[in-house]
Amino acid sequence: MFESLTHLQLQHYWWFIMSVVGSTLVFLLFVQGGQTLIGTLGKNEEERTMVINSIGRKWEFTFTTLVMFAAGMFASFPLFYATSFGGAYYAWKIFLVCFVLQAISFEFRRKQGNMLGQKTYEAFLYINGFLGVFLLGAVVATFFTGSEFYRSEYNLSYWQTTLYGIEILLNPLNLALGFALLFLARTLGALYIINNVDKDVIQQRARRQVGLNAVVFLVFFLYFVIRILLKDGFAYHPETLEVFMEPYKYLNNYLQMPVALILFLAGVVLVLYGVGITWFKESRKGIWFSGPGTFLTVLSLFFVLGFNNTCFYPSSYDLQSSLTIQNASSSHYTLTAMTYISLFVPVVAAYIFFTWRAIDKHKINDEDMKSGDHHIY
Amino acid sequence: MIENIDLALVNWSRGQFALVAMYHWLFIPLTLGMTYIIAFTQTIYVRTGDKEWERIAKFWAKLFGINFAIGVGTGIILGLEFGTNWANYSWISGDIFGAPLAAEGIMAFFLESTFIAVMFFGWGKVSKKFHLVSVYLVAFGASLSALWILVANAWMNYPVGMVFNPDTARHEMVDFWAILFSPYAINKFLHTITSGFVISSFFIVAVSGWYLLKGRNILLAKRSIVIAASFGLLSSLFLATTGDGSAYWVAQKQPAKLAAMEGLYEGEEGAGLVAIGLLRPGKQIGDGEKAFIFKIEIPKLLSVLGYRNPNAFVPGVDDLVLGNAGQDIMSAEEKITRGKVALNALADYKEAVALKDTAGAEAAHARFEENYFYMGYGHLFDPNGIIPNVPFIFYSFRIMVMLGFAFIALFLLILYLAVTDKLEENRWLLRTSILAFPLAFLASMAGWIVAEVGRQPWTIQGLLPTMMSTSNINANAVILTFWMFAALLTVLVLAEFKIMTTTIKRGPDNAKKGGENV
Chain A
25 MFESLTHLQL QHYWWFIMSV VGSTLVFLLF VQGGQTLIGT LGKNEEERTM
75 VINSIGRKWE FTFTTLVMFA AGMFASFPLF YATSFGGAYY AWKIFLVCFV
125 LQAISFEFRR KQGNMLGQKT YEAFLYINGF LGVFLLGAVV ATFFTGSEFY
175 RSEYNLSYWQ TTLYGIEILL NPLNLALGFA LLFLARTLGA LYIINNVDKD
225 VIQQRARRQV GLNAVVFLVF FLYFVIRILL KDGFAYHPET LEVFMEPYKY
275 LNNYLQMPVA LILFLAGVVL VLYGVGITWF KESRKGIWFS GPGTFLTVLS
325 LFFVLGFNNT CFYPSSYDLQ SSLTIQNASS SHYTLTAMTY ISLFVPVVAA
375 YIFFTWRAID KHKINDEDMK SGDHHIY
Chain H
347 MIENIDLALV NWSRGQFALV AMYHWLFIPL TLGMTYIIAF TQTIYVRTGD
397 KEWERIAKFW AKLFGINFAI GVGTGIILGL EFGTNWANYS WISGDIFGAP
447 LAAEGIMAFF LESTFIAVMF FGWGKVSKKF HLVSVYLVAF GASLSALWIL
497 VANAWMNYPV GMVFNPDTAR HEMVDFWAIL FSPYAINKFL HTITSGFVIS
547 SFFIVAVSGW YLLKGRNILL AKRSIVIAAS FGLLSSLFLA TTGDGSAYWV
597 AQKQPAKLAA MEGLYEGEEG AGLVAIGLLR PGKQIGDGEK AFIFKIEIPK
647 LLSVLGYRNP NAFVPGVDDL VLGNAGQDIM SAEEKITRGK VALNALADYK
697 EAVALKDTAG AEAAHARFEE NYFYMGYGHL FDPNGIIPNV PFIFYSFRIM
747 VMLGFAFIAL FLLILYLAVT DKLEENRWLL RTSILAFPLA FLASMAGWIV
797 AEVGRQPWTI QGLLPTMMST SNINANAVIL TFWMFAALLT VLVLAEFKIM
847 TTTIKRGPDN AKKGGENV
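Read top to bottom, the protein sequences are chains A and H. With my numbering applied, the first sequence covers 25 to 401. With my numbering applied, the second sequence covers 347 to 864.
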């Protein structure tokens with residue numbers, strides 16, 4: 025069935041799939057955003073526990089989606105995996121530490137004999153929520169701004185600075201996306217908690233955080249998007265695969281791919297609508313708009329990054345070393361095999377939806393936290 | 347392909363991977379096996395309605411949760427480490443190696459993470475049957491996850507289903523099913539997963555044994571021991587069978603690993619299996635000296651296990667390094683020469699393509715294809731380097747096998763005394779069963795040493811040496827992050843250990859009230 029697709033079609037399909045997974049991941053970062061709000065939303069032990077149990081019951085899903093994104097990129101675009109992870113070494117290693125800390129913190133936090141104390145695990149959750157998300161945003165920004173690497177004729181990559189990823193922090197655009205992602209995650213976290221926790225005082229505090237964080241997010245996000253749309257972008261010739269700088273490349277991509285433009289505008293409107301009804305109308309349903317809005321906006325950014333003959337992992341050191349969906353991908357055979365495996369994705373989405381609905385019928389409330397019969401973080 | 351080899355970079359990269367992998371393997375066996383044991387106990391609860399079985403299931407699920415979290419945390423480091431520390435490998439084999447990892451993500455990780463939420467938070471919120479099915483799905487998800495990652499690992503030991511594409515300079519998949527159903531992979535999966543079942547069984551037997559020694563939670567302990575010892579006995583018997591399969595496939599595909607496992611220097615027909623032996627220090631390849639100070643050997647058994655023929659020739663270290671014309675075994679030096687021809691042909695091919703010299707490219711390609719099988723050897727300098735560390739592999743193998751057989755006897759005895767209700771009278775056995783838990787880990791780690799150190803000097807057997815597989819970064823970056831992970835993981839593992847022992851000491855009744863320090 026999929027064997028008849030061309031290599032280029034499969035490469036596009038897989039960039040689409042990775043865009044979907046990546047956009048889902050950004051939405052699910054509400055867990056991390058919520059982790060940075062534990063102390064702000066919970067002023068005593070009971071309240072903090074409610075907040076932690078609200079977001080904590082979803083942490084594994086965000087974590088799994090992150091792993092899925094990494095594994096998917098490995099399988100579909102292995103040259104990206106080798107170049108970015110093996111080059112921006114320190115950035116990814118610190119990122120990893122942040123997520124290792126998260127994995128144990130929910131479970132260990134209130135257990136007797138936890139050695140490090142409850143506050144330490146809450147600090148770990150904060151580190152994951154703050155630094156992990158910021159770094160992810162900063163590294164993803166290099167997909168637009170470029171990194172310093174050289175790719176040999178054997179497709180082995182060599183990073184050209186021994187800062188190995190720390191240099192990412194020297195570019196204001198990278199910092200801007202890092203902070204934008206961080207404040208977006210905090211906004212989404214607050215929106216999720218408003219929806220999921222049945223306690224007025226927490227909802228009121230979260231509502232205030234939605235407004236504050238959304239404003240800061242918008243400042244960073246608009247700065248990043250406007251600069252990206254106005255800058256030269258990394259393009260390549262579809263026949264010769266030669267890489268060149270094209271003025272207004274990303275703006276052109278939006279104009280030449282109206283679907284991406286519509287997704288972007290619809291996404292931004294939905295995010296703002298979700299924030300608006302939470303802030304002005306005291307609605308609890310903001311996450312149902314801002315969440316999908318985030319997904320659509322990020323999806324459109326992935327589209328302009330990888331489609332329309334654009335280098336999705338550019339080299340600012342040597343233009344011709346830049347990675348595209350064509351030169352970084354797996355073989356036709358592997359992408360075909362993987363495409364069959366991707367048929368499982370709707371099945372996975374269906375059972376996640378079904379089980380979440382079953383569990384989330386009951387919101388988090390005071391009684392739930394006192395019940396001794398349940399697994400409580 | 348790569349001009350300079352930085353041995354510090356190679357060794358620290360290996361060290362970092364080994365460090366994280368060994369920490370990871372402290373938790374994964376329990377994840378693999380405990381889910382099934384919890385599922386069995388919960389099944390009895392759902393069928394009988396006996397509240398004690400519910401209490402048992404919930405208690406082990408509590409301990410499972412503590413263990414699971416840190417297993418996930420250490421797992422993500424390993425997955426990304428292929429990129430951060432083994433970037434060259436990730437490109438050269440990513441076309442094959444990445445697919446099982448992605449399949450693991452789509453098929454297994456989501457299954458685990460979704461239904462584990464039901465397992466933990468679904469009590470009282472979903473029906474008993476749905477909850478039980480969720481526990482089985484978590485167990486199945488964990489096993490499926492193991493399948494994919496072990497398929498990938500098996501491919502590194504026995505590469506099948508691919509060709510080398512000189513244009514992209516990497517191995518590319520041509521037969522997905524050959525990789526998935528490689529007999530090496532199937533056997534590796536079954537052997538490894540059952541080792542996890544055995545460790546999990548010992549964990550439950552050890553905790554329950556401790557309760558019996560203390561005279562606490564008697565019913566929970568007795569019932570748990572019967573379930574765990576039954577599961578452990580069946581698993582350890584199966585482990586021995588798949589162990590035999592492992593030896594067979596190693597003999598077929600990795601003769602150097604087998605020679606190291608047996609300390610066999612001079613190959614022979616009708617080779618015996620060394621049951622116990624002491625290797626002579628200072629033994630050199632091809633020096634004609636005896637390899638052992640003493641040994642007790644079972645005649646012809648190695649030939650039988652490795653080749654299913656009591657008179658089969660089993661090549662030794664000397665044959666593999668120096669060659670053996672009589673047995674049609676090429677010397678390592680000849681393989682290195684041919685490998686260098688392959689690498690030069692690849693370079694010529696690249697040059698000809700760049701110059702658009704079609705005839706030159708075709709000629710170079712033909713030369714490459716002729717010698718492709720030895721390509722990996724072209725990177726090596728020392729013929730002796732094709733043999734892994736013999737004493738390390740030899741003794742590790744014996745530790746694993748001896749403990750494996752001892753475990754069968756131990757499970758049999760525990761089960762017999764549990765069924766006849768004489769366990770509490772035999773306190774020495776309860777103490778032994780507690781000791782057996784760390785010994786089960788020792789056996790399992792020894793098995794991994796045989797598998798992974800025994801594969802050296804290769805990441806992909808015969809095709810890609812470990813020293814060519816690292817990222818092209820400064821060794822200091824790897825050293826720094828090695829210590830960072832060593833410190834972090836040590837602290838977290840100690841914390842996990844403390845929580846685990848505290849929760850066990852408090853027992854199920856406390857755990858039932860939350861077990862938390864509120």
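Built from N, CA and C at the ideal position, the CB exists for glycine as well.
When the five nearest sequence neighbours on each side are left out, the beta carbons in the same chain lying within less than 8 Å of the beta carbon of F828 of chain H are those of W358, G361, Q362 and L365, in order along the chain. Your pair M502 of chain H and T805 of chain H checks out as a contact, with CB atoms roughly 6 Å apart and the cut at 8 Å. Put simply, the CB of I217 of chain A is far from chain H, with every gap to its CB atoms at 8 Å or more. With respect to the 8 Å criterion, T381 of chain H and V472 of chain H are not classified as neighbours on the basis of their beta carbons.
Our two residues, Y435 of chain H and L426 of chain H, have alpha carbons roughly 13 Å apart in a direct line. In this structure E615 of chain H is exposed. Its beta-carbon is surrounded by fewer than 16 other beta-carbon atoms within 10 angstroms. One alpha carbon belongs to F455 of chain H, the other to I416 of chain H, and they sit about 15 Å apart. For A621 of chain H, the enclosing beta strand (DSSP E) begins and ends at L619 to L625. The beta carbon of I631 of chain H lies closer than 8 Å to those of Y611, V663, D664, V667, L668, N730 and I733 in the same chain, with the five residues before and after it left out.
Straight across, the Cα-Cα distance linking V418 of chain H with A127 of chain A is about 7 Å. Close to V520 of chain H, with beta-carbon spacing below 8 Å, are these residues of chain A in chain order: Y357. By the neighbour-count definition (other C-beta atoms within 10 Å, threshold 16), A700 of chain H is an exposed residue. Relative to A290 of chain A, the option among A:P316, A:Y145, A:G235 and A:I79 whose CA is nearest is A:P316. In this structure, the straight-line span from the alpha carbon of G57 of chain A to that of I217 of chain A is close to 10 Å. Around S459 of chain H, the beta-carbon contacts reaching into chain A at under 8 Å are E84, F85, F87 and T88. Contact between A284 of chain A and F248 of chain A fails: their C-beta atoms lie close to 17 Å from each other, not under 8 Å.
Counting only Cβ-Cβ distances below 9 Å, M92 of chain A has contacts in chain H at A448, G451, I452, F455 and F456, in chain order. Taking I423 of chain H as reference, the option from A:S100, A:F87 and A:R72 with the minimal CA-CA separation is A:F87. Approximately 6 Å separates the beta-carbon atoms of N820 of chain H and T186 of chain A; this is inside 8 Å, confirming the contact. Assignment of beta-bridge partners to A259 of chain A by DSSP yields A:F268 and A:T334.
Beyond the five residues adjoining it in sequence on each side, I192 of chain A comes within less than 7 Å, by CB distance, of A112, A115, A162, V163, T166 and N198 in the same chain, given in chain order.
DSSP places S47 of chain A in the uninterrupted alpha helix (DSSP H) bounded by H31 to L52.
Separation of K394 of chain A and P737 of chain H (C-alpha to C-alpha, rounded to the nearest whole angstrom) is 57 Å. Counting only residues of its own chain and dropping the five nearest sequence neighbours on each side, K387 of chain A has a CB closer than 7 Å to the CB of N220, V221 and D222.
The three-state secondary structure of R381 of chain A, taken from DSSP, is helix. Using a Cβ-Cβ cut-off of 7 Å, Q56 of chain A is close to nothing in chain H; its nearest Cβ partner there is about 14 Å away. From the listed residues A:P282, A:G257 and A:G96, the smallest Cα separation to P271 of chain A is found for A:G257. Chain H has a Cβ within less than 8 Å of the Cβ of H386 of chain A. Positions of the beta strand (DSSP E) runs, each at least 3 residues long and wholly inside the region 161-206 of chain A, are given as 173-175 and 181-183 in order along the chain.
Per the coordinates, the alpha-carbon of M508 of chain H lies some 12 Å from the alpha-carbon of I438 of chain H. Listed along the chain, the chain H residues whose CB falls inside 8 Å of the CB of W183 of chain A are N818 and I819.
A Cβ-Cβ contact shorter than 8 Å links I151 of chain A with C122 of chain A. In its chain, beyond the 5 residues on either side, Y37, T360 and T363 have a beta carbon closer than 8 Å to the beta carbon of L29 of chain A. One thing to note: N77 of chain A has its Cβ within 8 Å of the Cβ of I400 of chain A. Boundaries around K681 of chain H are those of the alpha helix (DSSP H), A678 to A700, since no beta strand (DSSP E) includes it. Cβ contact annotation for L585 of chain H (same chain, cutoff 7 Å, sequence separation greater than five): H537, T540, S541, V544 and G750, in chain order.
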